[in-house]
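Novice: Okay, handing you the structure first.
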Amino acid sequence: MEPTLAGIVGIVAMLALFTTRMPVAYVMTLVGFAGFALLISPQGALSMLSRTYYDTFSSYALSTIPLFILMGQLAFNSGISKRLYECAYQFLGHIRGGLAMATVAACTAFGAVCGSSPATAATMAMVAIPEMKRYGYADSLAAGSVAAGGSMGMIMPPSVVLIIYGVLTGQSIGALFVAGILPAIVLTLLFIVAIAIQCRLRPNLGRGGERGATAARLRSLLGLADTLAIFLLVIGGMFFGLFTPTEAASIGVLGIIALSLLKRQLSWKAFADSLYETLRTSAMVLFLVAGASVFGKFLAVTRIPFDVAGWVAAMDLPNVLIMALILGIYMIGGCFMDALALVMLTIPVFYPVVQHLGYDPIWFGVIIVLVTQIGVITPPVGINAYVVYGMCQKIAPTVTLEAVFKGITPFLLAIIAGIALMMLFPQIVLLLPGLMY
Amino acid sequence: MTEHVPNPGRPSARLFSGLEGGMKVVAAACLMGMALVTGLDVAGRAAMNTPLFGSEEITSILAALVVGFSLPYAHSQGSHIGVEVVYQRLGRRARRMLDFCTRLVSAALFGEIARQMWAYGLDKRAVGQVSMNLGLPTYHVLFALAGCFAVFALFQLRDALRALRRQG
Amino acid sequence: GTRLTYSCFFPPTHVQSQLAEAWCKEVEKRTNGEVAVDFFPGGTLTKAEEAYDGVVQGMSDLGFSVLGYSRGRFPVMAAVDLPLGYRSGWAATQVANQVYAHFKPAEFNDVQPMYFHAHGPGLLHTAKKEVRKLEDLQGLKLRATGNSGQLVKALGGTPVAMSMPDSYQAIQKGVVNGGMYPVETNKGWNMAEVVHFMTETQPVAYTTTFFVVMNKARWESLSPKARQAIAAINVEWAEKHAQAWDASDVVGMEFFKSKGGKVLPLNNGEAERWIKATEPLLAQYVQEAKAKGLDGQAVLNFARQALRKAQQ
Ligand code: NA
Ligand code: NA
Numbered sequence: 003m004e005p006t007l008a009g010i011v012g013i014v015a016m017l018a019l020f021t022t023r024m025p026v027a028y029v030m031t032l033v034g035f036a037g038f039a040l041l042i043s044p045q046g047a048l049s050m051l052s053r054t055y056y057d058t059f060s061s062y063a064l065s066t067i068p069l070f071i072l073m074g075q076l077a078f079n080s081g082i083s084k085r086l087y088e089c090a091y092q093f094l095g096h097i098r099g100g101l102a103m104a105t106v107a108a109c110t111a112f113g114a115v116c117g118s119s120p121a122t123a124a125t126m127a128m129v130a131i132p133e134m135k136r137y138g139y140a141d142s143l144a145a146g147s148v149a150a151g152g153s154m155g156m157i158m159p160p161s162v163v164l165i166i167y168g169v170l171t172g173q174s175i176g177a178l179f180v181a182g183i184l185p186a187i188v189l190t191l192l193f194i195v196a197i198a199i200q201c202r203l204r205p206n207l208g209r210g211g212e213r214g215a216t217a218a219r220l221r222s223l224l225g226l227a228d229t230l231a232i233f234l235l236v237i238g239g240m241f242f243g244l245f246t247p248t249e250a251a252s253i254g255v256l257g258i259i260a261l262s263l264l265k266r267q268l269s270w271k272a273f274a275d276s277l278y279e280t281l282r283t284s285a286m287v288l289f290l291v292a293g294a295s296v297f298g299k300f301l302a303v304t305r306i307p308f309d310v311a312g313w314v315a316a317m318d319l320p321n322v323l324i325m326a327l328i329l330g331i332y333m334i335g336g337c338f339m340d341a342l343a344l345v346m347l348t349i350p351v352f353y354p355v356v357q358h359l360g361y362d363p364i365w366f367g368v369i370i371v372l373v374t375q376i377g378v379i380t381p382p383v384g385i386n387a388y389v390v391y392g393m394c395q396k397i398a399p400t401v402t403l404e405a406v407f408k409g410i411t412p413f414l415l416a417i418i419a420g421i422a423l424m425m426l427f428p429q430i431v432l433l434l435p436g437l438m439y
Numbered sequence: 425m426t427e428h429v430p431n432p433g434r435p436s437a438r439l440f441s442g443l444e445g446g447m448k449v450v451a452a453a454c455l456m457g458m459a460l461v462t463g464l465d466v467a468g469r470a471a472m473n474t475p476l477f478g479s480e481e482i483t484s485i486l487a488a489l490v491v492g493f494s495l496p497y498a499h500s501q502g503s504h505i506g507v508e509v510v511y512q513r514l515g516r517r518a519r520r521m522l523d524f525c526t527r528l529v530s531a532a533l534f535g536e537i538a539r540q541m542w543a544y545g546l547d548k549r550a551v552g553q554v555s556m557n558l559g560l561p562t563y564h565v566l567f568a569l570a571g572c573f574a575v576f577a578l579f580q581l582r583d584a585l586r587a588l589r590r591q592g
Numbered sequence: 055g056t057r058l059t060y061s062c063f064f065p066p067t068h069v070q071s072q073l074a075e076a077w078c079k080e081v082e083k084r085t086n087g088e089v090a091v092d093f094f095p096g097g098t099l100t101k102a103e104e105a106y107d108g109v110v111q112g113m114s115d116l117g118f119s120v121l122g123y124s125r126g127r128f129p130v131m132a133a134v135d136l137p138l139g140y141r142s143g144w145a146a147t148q149v150a151n152q153v154y155a156h157f158k159p160a161e162f163n164d165v166q167p168m169y170f171h172a173h174g175p176g177l178l179h180t181a182k183k184e185v186r187k188l189e190d191l192q193g194l195k196l197r198a199t200g201n202s203g204q205l206v207k208a209l210g211g212t213p214v215a216m217s218m219p220d221s222y223q224a225i226q227k228g229v230v231n232g233g234m235y236p237v238e239t240n241k242g243w244n245m246a247e248v249v250h251f252m253t254e255t256q257p258v259a260y261t262t263t264f265f266v267v268m269n270k271a272r273w274e275s276l277s278p279k280a281r282q283a284i285a286a287i288n289v290e291w292a293e294k295h296a297q298a299w300d301a302s303d304v305v306g307m308e309f310f311k312s313k314g315g316k317v318l319p320l321n322n323g324e325a326e327r328w329i330k331a332t333e334p335l336l337a338q339y340v341q342e343a344k345a346k347g348l349d350g351q352a353v354l355n356f357a358r359q360a361l362r363k364a365q366q
């Protein structure tokens, strides 16, 4: 079969198989395997399958995932996240959707130290969704804000995609990181606006409560002092470069265990539950990553990403249209493929074009990250959406996959608005690096 | 997804729940091991300027074992999510047949991965390949993972048969 | 005609990847289209660590990666990566191809090697501390993996193993104090932005050997004429890769200096001390080869002699 045709058939087959309720990760594995076998060789495909699973499971970069999930679990089971949200409620509870806003801001803070989207989504889902549910927030808002907020793991520097982009194009990684900060903050604000608007239109999504008294606010804040110390250690340690994300997560796990033992807040059963729940969700997340990776290898050998990039590069259109087309391709491509693989395959073709059109390379790098992160929250391969849904099965069983995707929609619009804003005002991206480099 | 509470009296049910429970404990131990090894590394680096060389390799190996040994547990907890929209609208008979087919395919898929991992481990052992920094014989990890995937496939097979026997 | 797939882990904009891609085009041209090659850069088909195994298993027909990623698998060729005192990538490439041609080691029986090449001298780079003598390395945490990690340890430093993308941040933030790597990396991974000193440690410079290999069955399925054409291209390309490594080192050095980097010489009489410190590593190589029934001393002697000739 013609590789391009095989690619299209593969995508259709994947969509069709999704309807059988076969787990999403299995379907991506199966279709990716079959396609690879067809285009390369059956033995090559069998080897690819086992190697990709082994690679994913034993990847040091991904080992942050179980550790951060465990940290979230321990925070949940020892009551830390409950107290955290009680405190947030004291301060923000009177605003409609206030807890969802706090969650998005927390995601951005977490993203400032963690380079992975699914890890951010999984950790924050554990901490935030049960609490938002407790305060009567709608499934869609609770799940949507976490799934979308999780994309901040990649958008807010440090970001793996920015590193790879810097290496591919020879741009300064430091400048790219600095350039990514302001857009991430703008996007966080847009997310908050999106929450405010939808809660104004439909107050049921997240009702406002009583305004907390000053004394109660201070008391709730004081009660959190020790917990905040741990979070400051974890986040500050990563920020000041004392440790890598995996190390920070381990410190967080050990710190929370020590603290809860001291304060006798963690029973043996709660500890064991935290471990087992972490196993369950880690397996779920890593299967999704492995499945997406198998499918990505198949898409690579169809050469569709190369071909599409080549066509666009050869088109004779006005600059803005070409740029829009390129961004459109990343948006659609991100729906079927992991952001990193997509960037790796297409940047070499697009980058010279973008430079030729006179766009700033640093600006383009940051925009690419934003655009590919749309992919992690949209079907069919929206890893964050599936991760959040998977987490909810235990912690908030009423949440359906439709609710997750529905909840994501306003945030999707916010990202698109953000990209438009940054196309109109490139200064948002270029201001900080201009000052520093 | 867990529509069955297994009858603990039957030997096969005891085997399955024993496997699941035992592997779960190994996985949990590996998970705590990851946190401890990494914590030791950081503490060593900060306090005595003696980081644990190659701790990344140990962490990665433990991470692989964490996921591998939790496969049966994650499976019977129904962790791997699928899309329910269309499925929910089907009749009971159609659902049963669909479940039978998808689980059989899954069993074959993961059984094959188990076989390939085993072969991969044999290859690595035969050529004498070890890990880059610590020189650890990582083929042991592959053998362990092969075993985990084999058990995982077995669970899929059991569920396929269950779907077939299911009434209605 | 035949269509082959070629997996390379270097990102597509890297000159080594571009050379590999040029190899593909040259093969198509000189076999008159009998053999066409689809090129997959950036590890999109197989990752660096699995590229060799990927060729054996047929995940790709051709693979380009690092021998050192499969530690223990290439006991003869591993001699080339030792800290023998390389002064250029060209010399290291000569040594690699000569060792292979002379010993025809059985470790490559499961593939058809195309050619080998190797990067320029792996040197010591530090962020804040100036290193001029062996004692200065005490207590320094240096990013180094596998082979270079053993070198750092032998010299008295503390090796920290981490991936290249992590290294930039780790050095920037002071988690490690520097690294052992070839000069080109200063530009290739922007390391010059975070390191400020380079010590002229050429007397104990190691290298990293890269391989390009083809699936054996695919090679044997090609016509004798095509195989002959490819063999001729391989000889030329080994030379091109070697020259590219040295040219990258020049660029890396310029970039390093443009960022304010300072090159430090070893103090008087230090070179001998550093060389002496690496001797246990060479002895260990011979020992490990012996355990696999190979005459490691003969390989080592041959490699040293080839290097001496290449650097004359
Ligand atoms: Na981040
Ligand atoms: Na998507």
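Chains as they are written, first to last, in our numbering: chain A, 3 to 439; chain B, 425 to 592; chain C, 55 to 366.
Each residue gets a CB set at the ideal place from its N, CA and C atoms; glycine is no exception.
1. Given a cut-off of 7 Å on the beta-carbon distance, is the pair residue 263/C and residue 170/C in contact?
2. For the alpha helix (DSSP H) holding residue 304/A, just list the boundary residues, first then last.
3. Residue 60/A and residue 488/B - do their beta-carbons sit closer together than 7 Å?
4. Quick one: which chain C residues come within Cβ less than 9 Å of residue 122/A?
5. Below 8 Å on the Cβ atoms is my contact criterion, and I expect residue 208/A with residue 101/A to pass it. Report the Cβ-Cβ distance as a whole number of Å.
6. Does the separation of the CB atoms of residue 176/A and residue 247/C fall below 7 Å?
7. I need the DSSP call for residue 134/A, collapsed to helix, strand or coil.
8. Taking only beta-carbon positions, decide if residue 43/A is within less than 7 Å of chain B.
9. Please confirm if residue 551/B has its CB atom under 7 Å from at least one CB of chain C.
10. Kindly say whether residue 222/C, judged by its beta-carbon, lies nearer than 7 Å to any beta-carbon of chain A.
11. Return the first residue and the last residue of the alpha helix (DSSP H) that residue 493/B is part of.
12. Residue 123/C touches chain D at which residues, Cβ-Cβ below 9 Å?
13. Using a Cβ-Cβ cut-off of 7 Å (strictly less than) and excluding sequence neighbours within five positions of residue 286/A, which residues of its own chain qualify?
14. So, helix, strand or coil for residue 462/B, using DSSP?
15. For a test of the three-state rule: what should DSSP assign to residue 59/C, helix, strand or coil?
16. Suppose the cutoff is 7 Å on Cβ atoms and the five residues either side in sequence are ignored; what does the same chain contact list for residue 427/B look like?
17. Over the uninterrupted alpha helix (DSSP H) stretch that includes residue 573/B, give me the two end residues.
18. What's the C-alpha gap between residue 592/B and residue 515/B?
19. Taking the straight line between their C-alpha atoms, what separation do you get for residue 125/C and residue 164/C?
20. Check each candidate in 273/C, 347/C, 301/C and 307/C and name the one with the smallest Cα separation from residue 249/C.
21. With a cut-off of 8 Å on the beta carbons, I'd call residue 423/A and residue 188/A a contact; round off their distance for me.
22. Quick check on DSSP: helix, strand or coil for residue 205/A?
23. Quick one: measure Cβ to Cβ for residue 75/A and residue 128/A, integer angstroms, because I've assumed they're closer than 8 Å.
24. Taking contact to mean at least 3 C-beta pairs separated by less than 8 Å, is the segment 549 to 569 of chain B in contact with the segment 501 to 508 of chain B?
25. Using only alpha-carbon positions, find the residue among 364/C, 301/C, 85/C and 136/C that is nearest to residue 393/C.
26. According to the Cβ coordinates, are residue 145/A and residue 383/A closer than 7 Å?
27. Quick one: is residue 257/A near chain B, going by C-beta distance under 7 Å?
28. Locate the alpha helix (DSSP H) running through residue 312/C, then write down its first and last residues.
29. Are the C-beta atoms of residue 442/B and some chain A residue less than 7 Å apart?
30. For residue 21/A, go through chain B and note every residue whose CB falls closer than 8 Å to its CB, in chain order.
31. Report the option in 141/C, 270/C, 87/C and 77/C whose CA atom is closest to the CA atom of residue 260/C.
32. Answer yes or no: does any C-beta atom of chain A fall closer than 7 Å to that of residue 504/B?
33. May I ask you to list the residues that DSSP assigns as paired with residue 170/C?
34. What are the boundary residues of the beta strand (DSSP E) that includes residue 57/A?
35. To the nearest angstrom, report how far apart residue 14/A and residue 372/A are at their CA atoms.
36. What did DSSP end up calling residue 62/A once you bin it into helix, strand or coil?
Specialist: By the coordinates alone:
1. yes
2. Counting along the chain, residue 304/A sits inside the alpha helix (DSSP H) bounded by residues 270 to 304.
3. In this structure, residue 60/A lies closer than 7 Å to residue 488/B by Cβ.
4. One finds nothing in chain C with a Cβ atom closer than 9 Å to the Cβ of residue 122/A; even the nearest lies about 18 Å away.
5. 7 Å
6. yes
7. helix
8. no
9. yes
10. yes
11. 479 to 493
12. Given the protein chain composition of this structure (A, B and C), no chain D is represented.
13. Excluding residues within five positions, the ones whose Cβ falls inside 7 Å are 392.
14. helix
15. Of the three classes helix, strand and coil, the one that applies to residue 59/C here is strand, per DSSP.
16. In this prediction, residue 427/B has a pLDDT of 46, which is less than 50 and means its spatial position is unreliable; what the coordinates show is noted afterwards. Answer for residue 427/B: no residue qualifies.
17. 563 to 589
18. Low confidence applies here, because residue 592/B scores a pLDDT of 44, under 50, leaving its location unreliable; read the following figure in that light. Rounded to the nearest angstrom, the two C-alpha atoms are 10 Å apart.
19. 17 Å
20. Among 273/C, 347/C, 301/C and 307/C, the Cα nearest to that of residue 249/C is on 307/C.
21. 7 Å
22. In the displayed model, residue 205/A falls within a helix according to three-state DSSP.
23. Between residue 128/A and residue 75/A the Cβ distance is about 6 Å, and since that is below 8 Å, they are a contact.
24. no
25. An answer regarding residue 393/C cannot be provided, because it is not within the stretch 55 to 366 covered by chain C.
26. no
27. So no, residue 257/A is outside the interface.
28. 278 to 312
29. no
30. 507, 509, 510 and 511
31. 141/C
32. Answer yes: the Cβ-Cβ gap between residue 504/B and chain A drops below 7 Å somewhere.
33. Beta bridge pairing from DSSP links residue 170/C with 265/C.
34. No beta strand (DSSP E) contains residue 57/A, which is instead part of the alpha helix (DSSP H) from 44 to 59.
35. 26 Å
36. coil
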